[in-house]
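These notes are about the structure you will find just below.
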């Protein structure tokens with residue numbers, strides 16, 4: 168131990184954090200927490216003829232400014248487009264009475280993230296029935312018996 172107290176709360180002198188600060192670039196979407204999460208496109212950066220960030224609504228409208236340090240700006244996550252199954256086994260937890268399936272969530276910007284789809288017994292029954300119908304349709308489309 169170093170003998171120095173380690174601050175854990177912002178009031179103690181230093182903030183904990185593992186991510187880099189969000190410093191948007193021209194054209195980025197940003198949500199402004201000082202404006203109730205209003206989303207805007209960054210149209211001017213501090214130091215490029217402006218003292219602050221300037222944002223404008225994506226569909227047009229009056230611009231507004233945000234602090235030079237971007238402290239009120241947050242990234243706008245890309246929307247998911249679809250999910251696919253990861254090549255892993257599904258798991259049933261008898262104690263929790265639920266199943267889980269690992270999935271990959273695909274986003275508009277080309278990014279991907281892994282997640283877990285949790286299925287209740289009712290969800291499992293519904294998915295089983297729907298998957299059975301899809302497999303029957305697939306077999307029928309290939310000329311097989313349904």
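Residue numbers (our numbering): 168 to 313.
All residues carry an ideal CB built from backbone N, CA and C; glycine is no exception.
Contact check, residue i vs residue j, beta carbons under 8 Å
i, j, result
"residue 223", "residue 204", "no"
"residue 275", "residue 248", "yes"
"residue 211", "residue 220", "yes"
"residue 270", "residue 296", "no"
"residue 209", "residue 198", "no"
Top-ranked residue by Cα proximity to residue i, from the options
i, options, result
"residue 284", "257, 202 and 243", "257"
"residue 261", "232, 287 and 219", "287"
"residue 200", "230, 234 and 240", "240"
"residue 278", "298, 210 and 244", "244"
"residue 290", "307, 301 and 267", "267"
"residue 225", "194, 255 and 232", "194"
"residue 236", "252, 255 and 191", "191"
Residue interval of the beta strand (DSSP E) (run including residue i)
i, result
"residue 265", "265 to 274"
"residue 232", "231 to 233"
"residue 223", "220 to 223"
"residue 186", "No beta strand (DSSP E) contains residue 186, which DSSP labels as neither H nor E."
Endpoints, alpha helix (DSSP H) assigned at residue i
i, result
"residue 291", "288 to 308"
CB contact check: residue i to chain C, cutoff 8 Å
i, result
"residue 252", "Annotation note: the requested chain C is absent from the structure, which comprises a single protein chain."
Inter-residue Cα distance where the pair is residue i and residue j
i, j, result
"residue 217", "residue 189", "18 Å"
"residue 292", "residue 186", "41 Å"
"residue 238", "residue 304", "53 Å"
"residue 273", "residue 307", "30 Å"
"residue 233", "residue 302", "53 Å"
"residue 255", "residue 298", "18 Å"
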